[in-house]
Amino acid sequence: MLIYKRNGILPMLKRNSAVKLAPQRWQDNAVDGTFDVVLAFEEKVFDMVIEDLHNREHVLMKPVLIINLEVKDNHEEAATGARLTLDLCQELEATESWEDNIDEIVTAFERRHHRKLLYSISFY
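Note that my numbering has the sequence shown beginning at 35, numbered continuously upward.
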């Protein structure tokens with residue numbers, strides 16, 4: 035138990051338990067409706083979201099932006115990732131149309147923060 039305390043696992047688990055009851059699966063979100071933007075923090079999750087959206091029926095033809103910001107699973111990187119995500123979301127919110135400006139938003143973000151983003155556009 036001491037090793038988990040020293041390497042920050044216990045505080046991270048405690049923080050996580052206050053935020054959500056259990057890990058969330060993207061595939062279980064269909065009842066939540068549609069999203070404008072989906073953020074992933076691991077490339078394999080990003081790929082699963084894209085695959086799932088491509089396999090769904092595209093009835094509404096409503097665009098959804100999927101972005102991956104790679105974040106290592108540790109306390110320091112999670113805090114940094116949260117700040118970067120907030121900055122990115124504020125940039126997206128400030129634009130009239132993310133569909134028209136996404137390339138510029140991503141390029142500016144990558145230059146400012148020296149972090150690479152992956153992104154894709156899909157439809158509901």
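Here a beta-carbon is modelled for each residue, glycine too, at the ideal position from N, C-alpha and C.
Between glutamate 111 and the rest of its own chain, which residues show a CB-CB distance below 6 angstroms, the 5 nearest in sequence each way excluded? Val105
Whole-Å CB distance - valine 71 paired with isoleucine 101, under 8 angstroms assumed: 7 angstroms
Leaving out five residues before and five after isoleucine 139 in sequence, what residues of the same chain have Cβ atoms less than 6 angstroms from its Cβ? Glu125
Looking at C-alpha atoms only, which residue of Glu85, Ile43 and Arg49 is the closest neighbour of glutamine 61? Glu85
Distance between valine 65 and threonine 141 (C-alpha atoms, nearest Å): Cα to Cα, the separation comes out at about 33 angstroms.
Roughly how far, in whole angstroms, is the beta-carbon of leucine 47 from the beta-carbon of threonine 119, given that I think they are within contact range, below 8 angstroms? Contact doesn't hold; Cβ gap of about 20 angstroms is too wide.
Taking the DSSP output, what are the residues bridged to asparagine 102? Ala74 and Leu152
If you follow the alpha helix (DSSP H) that glutamate 144 is part of, which residue opens it and which one closes it? 132-147
How many whole angstroms separate the CB atoms of tyrosine 153 and isoleucine 136, which I take to be in contact at a CB cut-off of 8 angstroms? 7 angstroms
For the candidate residues Asn50, Ala128, Lys150 and Thr68, whose alpha-carbon lies nearest to that of glutamate 91? The candidate whose alpha carbon is nearest that of glutamate 91 is Thr68.
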